[in-house]
Each structure stands twice: as structure tokens, then as C-alpha cells.
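Engineer: First residue of the sequence shown: 0, per numbering that gives the first Met the number 0; consecutive thereafter. Backbone N, C-alpha and C fix where the C-beta goes; we use that ideal spot for every residue, glycine too.
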Amino acid sequence: MKVLKFGGSSVGSPDRIENIAQIIADKKSSDKLIVVFSAFGGVTDQLIQMGTQAAAGDMAYKDIFTEIESRHLEVARKLLTLQRQTDALTQIKIRLNELEEILHGVFLVKELTRKTLDYIMSFGERLSAYTINEILADRAMDSVFVDSRNIVFTDDQFGKARIRYEETNRNIKSLIEDNHDIYVVTGFIGS
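Right, here's the structure in full:
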């Protein structure tokens, strides 16, 4: 088992993501890979800014949302074959619609709790890891998307949660018993 972690600058553009796909293809051997991804470069800061602006009643959060949306859709369009694009773009758009609805709710109530901010911030990793998994699968790699919220459990200290290691380790061991070569996992988040 090998674990590879790619930070935001590593997934900052379609060219860099293409390089990552090649690195993963080269590293793939008889060992399973767990590949952990951060949000696309700068997206976490944008998500925080959107949440803060929405809570302040500043509609400028919508401009940032449009940037994030365009960036993720562009990566999918550039790096996925036409056969894979339709489903992937639909799933990306579903995630973006959910984010947009949450931000609209924050805008309406003019309140941003730590719990809500953590949830808003999770969209960066969820979008990037999902998109990159689709790119790997499109290149005939046996990869599966793993939302770490389903395996990494924490306490309820939003903004500074601590991992519940025993339960999390059990979940990870159970996960890798599946018969996949590559597990594409969201970094940074748990539940």
C-alpha cells in the first residue's frame, strides 16, 4: 500500500492534473494506492471568502462561485473524453448546486456558524477528488472515489476537529479490502 498526497498547487490547472494522472499511472504497480487530494489551488480560500461574504449580505460571493464553477467544469471538459463528460459534468454540477444553495441560505439568514463553514469548505476537496477520480477512470485505471467523510470520524469541535483514530483506522482497513487498485480520497475533511 502506497499513499500519495497532492496539495492545492499540484492540482492548480488542467496541465498539472494531467501530470498527476501520469504520476499515478507510473506509480501503479502490484501495490494498492491511496491518493489524497486537496482542493484545487486557492479554492479553499475562495470558499471561506464566499461564506464570509454571504453572511455579510454581500452578493459578491456569487462572482467567486462562478469562478469556482467555471474552473471545475473546464478541467472536466479538457481532461475527460466525451463519453465520460456527460455523467461527470452532471455530478460536478449537482455538487455545485448544493454549495450554491447553502451559500444562499447563509446569505438569507446572515449567519455563518463554524459547522456551516466547515461544510462549505468541504466542497473544495469533494469537487477536486471526484473530478480527478473521473479522469483516472477515464484513462482505464481501476480507481474509486472515496469521500473521507464516510471513513474519517472526528469529534464535534468544528473548525478544529480531532480524529477518532480507532474507528477511523478500522474504516480504512475495511475500505482497502475492496478490490480496487486506486482509492481517490478527499483530504482535509471528516465527519
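#1: For the beta strand (DSSP E) that Thr185 lies in, which residues bound it at each end?
#2: Name the residue from Thr65, Val10, Tyr182 and Val2 whose alpha carbon lies nearest to the alpha carbon of Asp141.
#3: With a Cβ-Cβ cutoff of 9 Å, do Leu126 and Phe64 count as a contact?
#4: Which class does Phe36 belong to by DSSP, given the choice of helix, strand or coil?
#5: Output the boundary residues of the beta strand (DSSP E) element that contains Leu3.
#6: Would you mind giving the Cβ-Cβ distance between Ala24 and Ile134, rounded to the nearest angstrom? I have them listed as a contact below 8 Å.
#7: Tell me the DSSP secondary structure of Ile188 in three-state form.
#8: Determine the burial state of Ile150: buried for a count of at least 16 other Cβ atoms within 10 Å of its Cβ, exposed for fewer.
#9: Take Val10 as the anchor and find which of Thr43, Lys31, Asp180 and Leu111 has the nearest alpha-carbon.
#10: So, are the CB atoms of Ser37 and Lys4 less than 9 Å apart?
#11: As an exercise, report each continuous beta strand (DSSP E) stretch of at least 3 residues that is fully enclosed by the segment 28-90, in chain order.
#12: Where does the unbroken alpha helix (DSSP H) through Phe157 begin, and where does it stop?
#13: Could you check if Asp117 is buried or exposed, using at least 16 other CB atoms within 10 Å of its CB as the buried criterion?
#14: Find out if the Cβ-Cβ distance for the pair Glu124, Gly186 is shorter than 9 Å.
#15: I'd like the span of the beta strand (DSSP E) that includes Ser9, first residue to last.
#16: Rounded to a whole number of angstroms, what is the C-alpha to C-alpha distance between Thr130 and Leu46?
#17: Quick one: Cα of Ala136 to Cα of Leu79, how far?
#18: By Cβ distance, which residues of its chain are closer than 6 Å to Asp146, with the 5 residues on each side in sequence left out?
#19: Do Ile162 and Gly189 have their C-beta atoms within less than 9 Å of each other?
Structural biologist: Walking through what the data contain:
#1: Ile181 to Thr185 is the span of the beta strand (DSSP E), which, as asked, contains Thr185.
#2: Checked all of Thr65, Val10, Tyr182 and Val2; the closest Cα to Asp141 is Tyr182.
#3: No, Cβ-Cβ distance for Leu126 and Phe64 is not below 9 Å.
#4: DSSP, read as helix, strand or coil, puts Phe36 in strand.
#5: Under the DSSP assignment, Leu3 falls in the beta strand (DSSP E) whose first and last residues are Lys1 to Phe5.
#6: For a cut-off of 8 Å, the C-beta gap from Ala24 to Ile134 is around 11 Å, too long to register as a contact.
#7: Correct three-state label for Ile188: coil.
#8: When all chains shown are included, Ile150 counts as buried.
#9: The shortest Cα separation from Val10 among Thr43, Lys31, Asp180 and Leu111 belongs to Thr43.
#10: Yes. Within cutoff.
#11: Secondary structure within the segment 28-90: the beta strand (DSSP E) runs of 3 or more consecutive residues, fully enclosed, are 32-36 (chain order).
#12: Segment: none, Phe157 is in no alpha helix (DSSP H) and carries neither H nor E.
#13: When all chains shown are included, Asp117 counts as buried.
#14: In this structure, the beta-carbon distance from Glu124 to Gly186 falls below 9 Å.
#15: Taken as a continuous stretch (DSSP letters only), Ser9 belongs to no beta strand (DSSP E), as it is neither H nor E.
#16: Going from the Cα of Thr130 to the Cα of Leu46 covers about 18 Å.
#17: Distance from the CA atom of Ala136 to the CA atom of Leu79, rounded to whole angstroms, is 10 Å.
#18: For Asp146, where only same-chain residues beyond five positions count, the Cβ hits under 6 Å are Thr185.
#19: Yes, they are a contact pair.
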